[in-house]
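**Student:** First, the structure itself, so that you have it in front of you.
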Amino acid sequence: MTPSLFDNQPQPVQNPDAGRRGPALTASGLVKTFGPARALAGVDVAIGPGESLAVMGPSGSGKSTLLHVLAGIMTPDAGTVALYGDTISGLSERARTSLRRRRFGFVFQFGQLLPELPAIENVALPLMLGGVPRRDAEARATGLFGPLGLAGLEARRPGELSGGQSQRVAVARALVTAPDVIFADEPTGSLDSRSGVEVMNLLTDACRGQGAALVLVTHDRQIAGWCERTITMRDGLVSGEYRRPGTEAGDTAPGVRAASGIGSGRAATR
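Take any residue in the sequence shown, note its place counting from 1, add 19, and you have its number in the numbering used here.
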């Protein structure tokens, strides 16, 4: 088994479902409407632990709505979402907010870092919001800066970072709670191609290393190709599915690519 660059890093939070078999996240018969428009028209999907799934489709196809419903940001009009077999789509808004904070991680197109906080505090923030003391939260966050090519940037504020660096800080923030699932909405959309490759390499490797499922929405076929599985959507339905050659259902993706420098001790470039 190829080691992950995160194998030797401290795991800040124990996954309560570690070792459980079966899908990490399951959706059945999801329907979501906005007025007369049906954004989801009966979607079924399942994602295994450590598996990466890309969701593609034209604007208005329902892909972003699917991500929001899977993540508990929206509730479906019909159908269910389950995390390791436990239904989460029927939870109260307060319970879903707590769930997102503890067991989900998020990476957005523009990072959405807090501009007034240094990088280390941006990464530690989810832990502190969950009640972890500041010193412990920052110590756990610091453990992610080296593997993500961010060593030495802990004190910089978002305005002092490049686009690629900001997205790596956002990846660290998503990982710091050791979530069950990471949701990424166009995570490379604001980056140049080189920075996009770096971010995807780090993100997919980190998910494998932590056993987190990854759900990624993208318009870019090349970015989708980093994921083991891709589904396409049209008119609120899954219109196609593709599995990357060399991966089988239930398997994790191949290990870190040696040519990338990830895991070799070479930090990602600016």
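Ideal Cβ placement from N, Cα and C applies to all residues, glycine included.
1. Just the Cα atoms here: how many angstroms apart are P137 and G104?
2. Any idea what DSSP makes of T207, helix, strand or coil?
3. Closest by CA to P95, which one among R262, A58, Q186, L133?
4. Which two residues bound the contiguous beta strand (DSSP E) that contains E260?
5. Reducing DSSP to helix, strand and coil, say where S111 ends up.
6. I want to know whether the stretch 148–160 touches the stretch 213–232 - three or more CB-CB distances under 8 Å.
7. Using the three-state DSSP reduction, which class does A90 fall into: helix, strand or coil?
8. Exposed or buried, which one is L172 when buried takes at least 16 other CB atoms within 10 Å?
9. Would I66 and A43 be called neighbours here (beta carbons separated by less than 8 Å)?
10. May I have the straight-line CA-CA distance separating F127 from A203, to the nearest angstrom?
11. Spatial neighbours of G98 within its chain, please: C-beta separation below 6 Å, excluding the five flanking residues on both sides.
12. Below 8 Å, can you find three or more Cβ-Cβ pairs linking the stretch 182–191 to the stretch 110–120?
13. Is there a C-beta anywhere in chain D that falls below 8 Å from the one on S185?
14. Provide the residue(s) that pair with V50 in DSSP beta bridges, ordered along the chain.
**Tutor:** In this structure, then:
1. As a working note, residue 137 is residue 118 in the sequence shown. As a working note, residue 104 is residue 85 in the sequence shown. About 38 Å.
2. Indexing the sequence shown from 1 puts residue 207 at position 188. Correct three-state label for T207: coil.
3. Sequence index remark: in the sequence shown, residue 95 carries index 76 (1-based). For P95, the nearest C-alpha among the options comes from A58.
4. As a position in the sequence shown, residue 260 is number 241, starting the count at 1. Unbroken beta strand (DSSP E) run through E260: 256–262.
5. Counting from 1 along the sequence shown, the entry for residue 111 is found at position 92. Per DSSP, reduced to three states, the secondary structure at S111 is coil, with no helix or strand assignment.
6. no
7. Reading the sequence shown from its first residue, position 71 is the one you call residue 90. Coil, per DSSP.
8. Here the question's residue 172 lines up with position 153 in the sequence shown. Looking at its Cβ environment, which holds 16 or more other Cβ atoms inside 10 Å, L172 is buried.
9. One-based indexing of the sequence shown puts residue 66 at position 47. One-based indexing of the sequence shown puts residue 43 at position 24. Contact flag set, yes.
10. By 1-based counting over the sequence shown, the position of residue 127 is 108. By 1-based counting over the sequence shown, the position of residue 203 is 184. Approximately 6 Å between the Cα atoms of the pair.
11. Walking along the sequence shown from the start, residue 98 turns up at place 79. Closer than 6 Å at the Cβ level, and outside the excluded window around G98, lie S47, G48, L49, V50.
12. no
13. Structure shown: chain D not included; a single protein chain is present.
14. Numbered from 1 along the sequence shown, position 31 holds the residue referred to as residue 50. According to DSSP, V50 bridges with A60, A97.
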